[in-house]
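Structure, as structure tokens:
Numbering (our numbering), first residue to last: 24 to 472.
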């Protein structure tokens, strides 16, 4: 039997608006976007200009540091705009889609019969390589490396996260082909980690060529970093790759059909969504048609991803490359006089400041108000209660702040990513932007090492 690993530290944040398990098809978006900001540490060099015709799989830009790593168009159409920010940094490449998608052609075949070089070549040329990310540093994997293992987290424990067992329904064949392709890229094992708290989909349990591990416990049990830490921790000089389940399926479609099929399932969630459902879309799609006439009329925050780690986007913005969830919650633009001193059953608190702790199963309508300003960063024990790794989180953060490389290494910088500290940021009474500090530490290590 597979191993069962119990995660005891963590926190499940109960928010209203879980997606009902119904597949919907939103009206196809007219515009699609590929956003270089989704790929940390990537320096984009454009291969297209405004007005160029592209197909699904046509390169849009490549990484200056790794020219063989391409990002390709999810649809066919015309390059409508190239939006830039400060210092002319490229923010978005907007594609105006054709009514019928045309595809670039790539090689097909059984990846189990291919060598690693052939598999890499197909993934690189199709633009699918960026779905493979690495630890340490939480960046796109370097194709020149050989990882000691590859991890797939088949469940997500973040607030209102999509149910991957429902999302991958009927994709057994493509998932297995994707697994075989990934297995050819490592001399080690491919680990498939599932939730032990309920029966997992046969897409996962019947997968071959993998080692299946079972996890149970609160968030962040579904984080791949927590899973790596418990199964095969990363030491200095070691590299681990990881891939999301839907991206494994996309890899399978590439080798089966010879095309870049960017279709995916996204959960529209949040307390301000009238009908939270699952939508079948194409990657890079605008969320406009999903949220149109389907959200409350209050001032809302639209998030590509979950409430802990997602990125703020406008109501007609584009879903992130790695995201399978859109969340809509109230904007925190109002203030309550001495709100901390007024008891209430509808106020969420981790520290039992309100009477709501007597109703642990209640779901809450939580806004983005941080309810206070940044304070002195002191030892409180809050982080340790929700951080399940065998790492001292406060000590690591302080080591990053003083840029002590040796101490950062000893305290586990190679094992972590910003998402692993999202709960620490949520419970922090000092209101410290913990995730951004971790990201700065990782960037500093990339620069120095």
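Glycine included, every Cβ here is placed at the ideal spot set by N, Cα and C. Keep in mind that this is a model prediction, so the values were computed, not measured.
Close Cβ partners of residue i (< 8 angstroms) along its chain, the five nearest in sequence each way excluded
i           : result
residue 67  : 59, 84, 85, 86, 87, 94 and 113
residue 24  : A caution first: residue 24 carries a pLDDT of 46, below 50, which makes its placement in the model unreliable, though a value can still be read off. Cβ within range, chain order: n/a, list empty.
residue 209 : 169, 170, 171, 172, 173 and 264
residue 399 : 453
residue 438 : 158, 159, 248, 251, 252, 256, 257, 412 and 414
residue 401 : 453
residue 472 : 428
residue 79  : 95, 96, 97, 98, 99, 124, 125, 126, 127, 282, 283, 284 and 285
Short Cβ contact (7 angstroms threshold) for residue i with residue j
i           : j           : result
residue 149 : residue 283 : yes
residue 341 : residue 56  : yes
residue 49  : residue 313 : yes
residue 134 : residue 203 : yes
residue 181 : residue 329 : yes
residue 213 : residue 233 : yes
residue 440 : residue 331 : no
residue 227 : residue 177 : yes
residue 448 : residue 457 : yes
residue 309 : residue 54  : yes
residue 371 : residue 345 : no
residue 30  : residue 206 : no
residue 97  : residue 307 : yes
residue 215 : residue 262 : no
residue 21  : residue 26  : The requested residue 21 is not part of the displayed model; the chain covers only 24 to 472.
residue 200 : residue 279 : yes
residue 281 : residue 131 : yes
residue 270 : residue 417 : no
Neighbourhood of residue i by C-beta, 6 angstroms cutoff - its chain only, sequence neighbours within 5 removed
i           : result
residue 71  : 83 and 102
residue 392 : 355
residue 28  : 238 and 253
residue 465 : 160
residue 414 : 435
residue 91  : 147
residue 373 : 450
residue 460 : 420 and 423
residue 143 : 166
residue 63  : 162
residue 39  : 294, 386 and 388
residue 152 : 92 and 146
residue 89  : none
residue 117 : 54, 56, 103 and 104
residue 336 : 325 and 327
Nonlocal neighbours in the same chain, by C-beta distance under 7 angstroms from residue i, ignoring five residues either side
i           : result
residue 32  : 408, 409, 410 and 411
residue 303 : 46, 48, 286 and 288
residue 318 : 295, 296, 297 and 351
residue 74  : 101 and 102
residue 305 : 55, 97, 98, 285 and 286
residue 467 : 426
residue 433 : none
Bridge-paired residues (DSSP) for residue i
i           : result
residue 292 : 350
residue 162 : 157
residue 266 : According to DSSP, which records beta bridges pairwise, residue 266 is partnered with nothing at all.
residue 47  : 302
residue 234 : 214
residue 175 : 215
residue 31  : Answer is none; residue 31 lacks a bridge partner.
residue 239 : 29
residue 38  : 387
residue 287 : 304
residue 55  : 118 and 308
Meets three-Cβ-pair contact criterion under 8 angstroms: the segment 286-297 and the segment 342-355: yes
As an exercise, report each continuous alpha helix (DSSP H) stretch of at least 4 residues that is fully enclosed by the segment 295-369, in chain order. 311-314
For a minimum of 3 consecutive residues, which ranges assigned as the beta strand (DSSP E) are wholly contained in the segment 57-143? You should have 67-69, 82-86, 93-95, 100-107 and 113-120.
When the Cβ atoms of the segment 179-187 are set against those of the segment 273-280, are three or more pairs found closer than 8 angstroms? no
How do the segment 324-337 and the segment 73-83 stand: do at least 3 beta-carbon pairs fall below 8 angstroms, yes or no? No: fewer than three Cβ pairs fall under 8 angstroms.
Jot down the residue ranges of each uninterrupted alpha helix (DSSP H) in the segment 403-456, minimum 4 residues, whole runs only, in chain order. 405-409, 416-424, 428-433 and 445-450
Taking one C-beta from the segment 112-126 and one from the segment 418-435 each time, how about it: are there three or more such pairs within less than 8 angstroms? no
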